[in-house]
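Asker: Residue numbers (the numbering used here): -3 to 204.
Built from N, CA and C at the ideal position, the CB exists for glycine as well.
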């Protein structure tokens, strides 16, 4: 396992473990994070652990034209009960992604340092958010990084049923991105049309 130094370079992809880990350590500086995402690498670790950097062999992605919207979701969208905004409440979105109760426990990986790191990236115009509102209440949303014309999704949350789906569908339908990176397999996103592709194919798209 390779530990990173102050240099932001990562080891060659051939060093990736079977679990998709390419390196440990380093920091969450803006330059390192942007460099990592531009090369298909993302951090994923828990509080108190060293930073773990991943570049899995299979990449979960959504090609926007392949988004699947169920009849029930179409009815919800057509009712216009919710307002969807972009980049209006980034701090609130990442806070909710970090702290909302989840049956799968997947909210706990957003550490305090990671929360601040992505807020810093948002201040630079790199990290983006989608918000779903019911009246004046934030009920769902997602955030991630914009790398060229790819959206690298990080996390989403819902306070009410289907709110995160609305954010994800909005992201796919706005025609701004040619690909949405969902990182690793997720059954919820698979139901919306996301699928796994080979790392090499993903990297080709990322670097085009």
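Return yes when the Cβ of residue 26 is within less than 9 Å of the Cβ of residue 138, no when it is not.
Answerer: Against a cut-off of 9 Å, the Cβ pair of residue 26 and residue 138 comes out as no contact.
Asker: Mind listing, in chain order, the continuous beta strand (DSSP E) runs of no fewer than 3 residues lying wholly within the segment 27 to 92?
Answerer: The segment 27 to 92 contains these whole beta strand (DSSP E) runs: 48 to 50, 54 to 58, 79 to 82.
Asker: When you compare only the Cα positions, how much space is there between residue 150 and residue 30?
Answerer: Whole-angstrom Cα-Cα distance: 14 Å.
Asker: Using DSSP bridges, identify the partner residues of residue 153.
Answerer: Answer by DSSP bridge pairing, in chain order: 137.
Asker: Take the Cβ of residue 49 as the centre, count every other Cβ of all protein chains shown within 10 Å, and call the residue buried at 16 or more, exposed below.
Answerer: Burial call: buried.
Asker: Between residue 170 and residue 23, what straight-line distance do the alpha-carbon atoms span, to the nearest angstrom?
Answerer: Distance between the alpha carbons of residue 170 and residue 23 is about 33 Å.
Asker: So residue 21 packs on residue -1, CB below 8 Å; how close in whole Å?
Answerer: About 4 Å separates the two Cβ atoms, so the contact holds.
Asker: As a quick exercise: from 57, 187, 37, pick the residue whose alpha carbon is nearest that of residue 8.
Answerer: Closest option to residue 8, Cα to Cα, is 37.
Asker: Spatial neighbours of residue 129 within its chain, please: CB distance less than 8 Å, with the 5 preceding and 5 following residues excluded, ordered by chain position.
Answerer: Closer than 8 Å at Cβ, skipping near neighbours: 78, 79, 80, 81, 135.
Asker: Beta-carbon of residue 136 versus every beta-carbon of chain D: anything under 9 Å?
Answerer: The structure shown contains no chain D; it is built from a single protein chain.
Asker: Taking buried to mean at least 16 other C-beta atoms within 10 Å of its own C-beta, is residue 205 buried or exposed?
Answerer: With the chain running from -3 to 204 in the structure shown, residue 205 is simply not present.
Asker: So is residue 46 buried or exposed if we call it buried at 16+ other beta carbons inside 10 Å?
Answerer: Per the 10 Å Cβ criterion, exposed.
Asker: Quick one: using the 10 Å Cβ neighbour count with 16 as the cut-off for buried, is residue 127 buried or exposed?
Answerer: That one is buried.
Asker: Checking 9 Å against the spacing of the C-beta atoms, do residue 168 and residue 60 come in under that value?
Answerer: Taking 9 Å as the Cβ cut-off, residue 168 and residue 60 qualify as a contacting pair.
Asker: What residue range is occupied by the uninterrupted alpha helix (DSSP H) comprising residue 123?
Answerer: Premise fails: residue 123 lies in the beta strand (DSSP E), 123 to 130, not in any alpha helix (DSSP H).
Asker: Contact between the segment 104 to 114 and the segment 62 to 71 is defined here as three or more beta-carbon pairs at a separation below 8 Å; is this criterion met?
Answerer: Cβ pair count under 8 Å is below three, so no.
Asker: Here's the rule: buried if 16 or more other CB atoms are within 10 angstroms of the residue's CB, otherwise exposed. What is residue 101?
Answerer: Unreliable positioning characterises residue 101 in this predicted model, as indicated by a pLDDT of 47, which lies under 50. A coordinate reading is not provided.
Asker: Quick one: grab the DSSP three-state call for residue 194.
Answerer: Note: residue 194 maps to strand in three-state DSSP.
Asker: Scan the segment 154 to 185 and note each continuous alpha helix (DSSP H) run of 4 residues or more that stays entirely inside, going in chain order.
Answerer: Fully enclosed alpha helix (DSSP H) runs of 4 or longer: 159 to 169.
Asker: Counting along the chain, where does the beta strand (DSSP E) carrying residue 20 start and finish?
Answerer: Element bounds for residue 20: 17 to 21.
Asker: Within 10 angstroms of its Cβ, does residue 56 collect 16 or more other Cβ (buried), or is it exposed?
Answerer: Buried, by the Cβ-count rule.
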